[in-house]
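Quick notes on the structure that follows.
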Amino acid sequence: MPDKPSRPSPALALTNPRTNACANPLTNVLTNVLTMTGRSIRLSRRNVDALITALALPALLLLIFVYFFGGAIGGRTGTRYVTYVVPGVLLLCAGFGSSSTAVAVTEDLKGGIVDRFRSLDVSGTAILAGHVLASVARNLLATALVLALAFAIGFRPSASPAGWLAAVSVLVAFILALSWLSAAVGLLARSPEAAGGYTFFVSFLPYPSSAFVPTDTMPRWLAAFSDHQPVTPVIESLRSLLLAQPPGTAPWVALAWCGGILAGAVGVAGVLFRRRVG
Amino acid sequence: MSIAAIEATGLTKSYGAPSRAGGTGPPVTVLRGIDLRVAPGTVFALLGPNGAGKTTTVRILATLTEPDAGTAAVAGYDVRDERHRVRRAISLTGQFAAVDEAQTGRENLRMMARLAGLGRAAARARAAELLDRFGLYGAGDRLVRTYSGGMRRRVDLAAGLVGEPEVIFLDEPTSGLDPHSRRALWDTVGELAANGTTVFLTTQYLEEADRLSDRVAVLHDGVIVAQGTAAELKSRTAGHRLDLTLATSAAYLRLTARTPHASHHDPGARTLGLPTDGSARHVRALLDELDPAGTDVTHFAVHTATLDDVFLTLTAPGPGPGPGQGTAHHA
Ligand SMILES: Nc1ncnc2c1ncn2[C@@H]1O[C@H](COP(=O)(O)OP(=O)(O)OP(=O)(O)O)[C@@H](O)[C@H]1O
Ligand SMILES: [Mg+2]
Chain A
12 MPDKPSRPSP ALALTNPRTN ACANPLTNVL TNVLTMTGRS IRLSRRNVDA LITALALPAL
72 LLLIFVYFFG GAIGGRTGTR YVTYVVPGVL LLCAGFGSSS TAVAVTEDLK GGIVDRFRSL
132 DVSGTAILAG HVLASVARNL LATALVLALA FAIGFRPSAS PAGWLAAVSV LVAFILALSW
192 LSAAVGLLAR SPEAAGGYTF FVSFLPYPSS AFVPTDTMPR WLAAFSDHQP VTPVIESLRS
252 LLLAQPPGTA PWVALAWCGG ILAGAVGVAG VLFRRRVG
Chain B
18 MSIAAIEATG LTKSYGAPSR AGGTGPPVTV LRGIDLRVAP GTVFALLGPN GAGKTTTVRI
78 LATLTEPDAG TAAVAGYDVR DERHRVRRAI SLTGQFAAVD EAQTGRENLR MMARLAGLGR
138 AAARARAAEL LDRFGLYGAG DRLVRTYSGG MRRRVDLAAG LVGEPEVIFL DEPTSGLDPH
198 SRRALWDTVG ELAANGTTVF LTTQYLEEAD RLSDRVAVLH DGVIVAQGTA AELKSRTAGH
258 RLDLTLATSA AYLRLTARTP HASHHDPGAR TLGLPTDGSA RHVRALLDEL DPAGTDVTHF
318 AVHTATLDDV FLTLTAPGPG PGPGQGTAHH A
């Protein structure tokens, strides 16, 4: 579009001309996603109650598992219980952390801000990606806190730097998939309260898995479910990578699960977004 | 220029009313075929009562909702087939504040400026400039959550101006503003138009449409019942209303019988509203004619005709459904 060359009154004219939005669509999309991420991070930083819950709850859970249950379960896990349970607590914390994405998305839909973003040609995917990336940032912060606390109470992983990197990658993939799933739920929910109810479901998923107890201690049907649900390979990857044991195929199974969930959630969220705002 | 900034032909829109069973009930027809044409660099006001379909029209023109039928082009681009080009040419300030409560005014504006395609430094400068212009400089670094309703509205309006849109949509921009802020907004709109921007706004106030716009359209029951300059519209109505408060109920009844053209009745307050052009001569003549003895009328007041008065005039003689009878505005 041609710029209007000379404007009589400078009061409302731009200090700098608008950069040509058509020039490079990719840069444009990237700017939009980064801007939306910055926004979502600021919003989460100021949602103090939710932030405290997201950071304090995993830490509290770690302490509860290690000191309340650790004595009873610890003997059957083959390592110190704190070392066994940390990956599970990290996943619990990912569940809590990502579920607030649903609430954030529902809050957005309540007001007129999505209309404004769309009128600025920001895609629904960019809006959701902002929430999801902020969720990843929040979760990594919570992860760092849990790890620091775990170290303080005796967590001694033996992973190499490469092992750490691989473990963090699997964890990030899991958080991404859960957060995007959560965004899709936010598009379905009619109220932030309903969206918040989703926290419940996701935060229970790690229990029927090898997160807190070995699955061979469970009834057979539950063990069968636990062995084949997505959380278990994620846990097993984290545990083996952090303890420098041979991880086998677990990381690949975990990444396949996360990739599949992510792709599905992105697709479903796209459809739901168009249906919800059109 | 012969090409219109906004051109719409035969727009229709209905919504399937969600029923309690979860399915959809009979559709609610909101727009029944709307034609609009707005010349570049002019201000166009769409007037209508609650539920007339103003917001629906704005959302269709701003590419946020697809019309069921009809075509519309904004800034020369089709709202259906070229929506991304339309979006790069417009800005929209909706009826309800669309800013983040948990960001400061400045953060909101900077974010919108970045999304509108400004670089980092330009966005910062633009945010400062707009805060200043909208009288929010001191409050710029406070969270919007702490703002008053009017301040919120002003940030919202400022957010609509961060880019350099060719066409600006303002949906009831002055709702919730005090007279001072309202005037400031009117000035801003005038300035935008003087700079060549096309402004499409909706309002429920004839006075505002009159003051701001080059052309006005009145939307009622899903159709445009009148379109023209404010002066043309006013010539179809009296423009003002003379309210007479009467000393006794008997006098009220007597005068009501003598004035079938009265557009306002309030028996409780014994007040009767009559169309007038607002001139001293006409008001004096009316008073002399209706109350020659000077004993019946205790008070009088002259108002600018309200939207109601215009509607009564515009919709009374037509064959279409009168106000309140249509189905369009029952939510
Ligand atoms: N998404 C929707 N689903 C169902 N009905 C809708 C929807 N949006 C609007 N309507 C209906 O369409 C009609 C017109 O609504 P619209 O918001 O366009 O009116 P308006 O002129 O902007 O009114 P107001 O002055 O109150 O803002 C109303 O009856 C409303 O209930
Ligand atoms: Mg409206």
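Protein chains in written order, with this note's numbering: chain A, 12 to 289; chain B, 18 to 348.
Even for Gly, the Cβ is constructed at its ideal location relative to N, Cα and C.
Quick caveat, the model's predicted, so the values are computed rather than measured.
Kindly examine ligand 1 and report whether one of its heavy atoms sits closer than 6 Å to the Cβ of residue i.
| i | result |
| --- | --- |
| residue 71 of chain B | yes |
| residue 32 of chain B | yes |
| residue 233 of chain B | no |
| residue 47 of chain B | yes |
| residue 65 of chain B | yes |
| residue 58 of chain B | no |
| residue 68 of chain B | yes |
Rounded to a whole number of angstroms, what is the C-alpha to C-alpha distance between residue i and residue j?
| i | j | result |
| --- | --- | --- |
| residue 286 of chain A | residue 45 of chain A | 25 Å |
| residue 218 of chain A | residue 104 of chain A | 12 Å |
| residue 323 of chain A | residue 61 of chain B | Here chain A has residues from 12 to 289 only, and residue 323 of chain A is not among them. |
| residue 224 of chain B | residue 321 of chain B | 7 Å |
| residue 144 of chain B | residue 215 of chain B | 22 Å |
| residue 195 of chain B | residue 167 of chain B | 7 Å |
| residue 163 of chain B | residue 126 of chain B | 16 Å |
| residue 300 of chain A | residue 173 of chain A | The structure shown does not extend to residue 300 of chain A, since chain A is modelled only from 12 to 289, so the question has no answer here. |
| residue 95 of chain B | residue 217 of chain B | 17 Å |
| residue 304 of chain B | residue 227 of chain B | 28 Å |
| residue 210 of chain B | residue 59 of chain B | 6 Å |
| residue 200 of chain B | residue 207 of chain B | 11 Å |
| residue 219 of chain B | residue 174 of chain B | 14 Å |
| residue 271 of chain B | residue 308 of chain B | 11 Å |
| residue 135 of chain A | residue 45 of chain B | 27 Å |
| residue 271 of chain A | residue 66 of chain A | 28 Å |
| residue 148 of chain B | residue 161 of chain B | 13 Å |
| residue 142 of chain B | residue 86 of chain B | 43 Å |
| residue 33 of chain A | residue 135 of chain B | Note that residue 33 of chain A scores a pLDDT of 49, beneath 50, so its modelled location is shaky and nothing firm can be said. |
| residue 24 of chain A | residue 102 of chain B | For residue 24 of chain A, the pLDDT reaches just 43, beneath the cut-off of 50, and the residue's location in the model is therefore unreliable, leaving the point undetermined. |
| residue 281 of chain A | residue 128 of chain A | 15 Å |
| residue 82 of chain B | residue 96 of chain A | 50 Å |
| residue 73 of chain A | residue 224 of chain A | 14 Å |
| residue 57 of chain A | residue 259 of chain B | 54 Å |
| residue 216 of chain A | residue 107 of chain A | 11 Å |
| residue 78 of chain A | residue 226 of chain A | 21 Å |
At a cut-off of 6 Å, would you count residue i as near ligand 2, judging by its Cβ distance to the nearest heavy atom?
| i | result |
| --- | --- |
| residue 112 of chain B | yes |
Could you give the C-beta distance for residue i and residue j, rounded to a whole number, given that I count them as a contact under 8 Å?
| i | j | result |
| --- | --- | --- |
| residue 72 of chain B | residue 188 of chain B | 6 Å |
| residue 108 of chain B | residue 182 of chain B | 4 Å |
| residue 153 of chain B | residue 171 of chain B | 6 Å |
| residue 157 of chain A | residue 70 of chain A | 6 Å |
| residue 54 of chain A | residue 115 of chain A | 7 Å |
| residue 282 of chain B | residue 292 of chain B | At roughly 13 Å, the Cβ-Cβ gap does not stay under 8 Å, so residue 282 of chain B and residue 292 of chain B are not in contact. |
| residue 239 of chain A | residue 194 of chain A | Between residue 194 of chain A and residue 239 of chain A the Cβ distance is about 25 Å, and since that is not below 8 Å, they are no contact. |
| residue 213 of chain A | residue 266 of chain A | Between residue 266 of chain A and residue 213 of chain A the Cβ distance is about 19 Å, and since that is not below 8 Å, they are no contact. |
Thinking C-beta only, is residue j closer than 7 Å to residue i?
| i | j | result |
| --- | --- | --- |
| residue 313 of chain B | residue 264 of chain B | yes |
| residue 52 of chain A | residue 109 of chain A | no |
| residue 101 of chain A | residue 154 of chain A | yes |
| residue 317 of chain B | residue 261 of chain B | yes |
| residue 251 of chain A | residue 243 of chain A | no |
| residue 179 of chain B | residue 128 of chain B | no |
| residue 131 of chain A | residue 198 of chain A | no |
| residue 209 of chain A | residue 140 of chain A | no |
| residue 163 of chain A | residue 273 of chain A | no |
| residue 111 of chain B | residue 126 of chain A | yes |
| residue 51 of chain B | residue 241 of chain B | yes |
| residue 285 of chain B | residue 49 of chain B | no |
| residue 176 of chain B | residue 116 of chain B | yes |
| residue 353 of chain B | residue 319 of chain B | Any property of residue 353 of chain B remains undetermined from this structure, which presents chain B solely from 18 to 348. |
| residue 89 of chain B | residue 25 of chain B | yes |
| residue 276 of chain A | residue 151 of chain A | no |
| residue 269 of chain B | residue 298 of chain B | no |
| residue 105 of chain B | residue 80 of chain B | no |
| residue 248 of chain A | residue 257 of chain A | no |
| residue 191 of chain B | residue 158 of chain B | no |
| residue 113 of chain B | residue 123 of chain A | yes |
| residue 133 of chain A | residue 39 of chain A | no |
| residue 351 of chain B | residue 70 of chain B | An answer regarding residue 351 of chain B cannot be provided, because it is not within the stretch 18 to 348 covered by chain B. |
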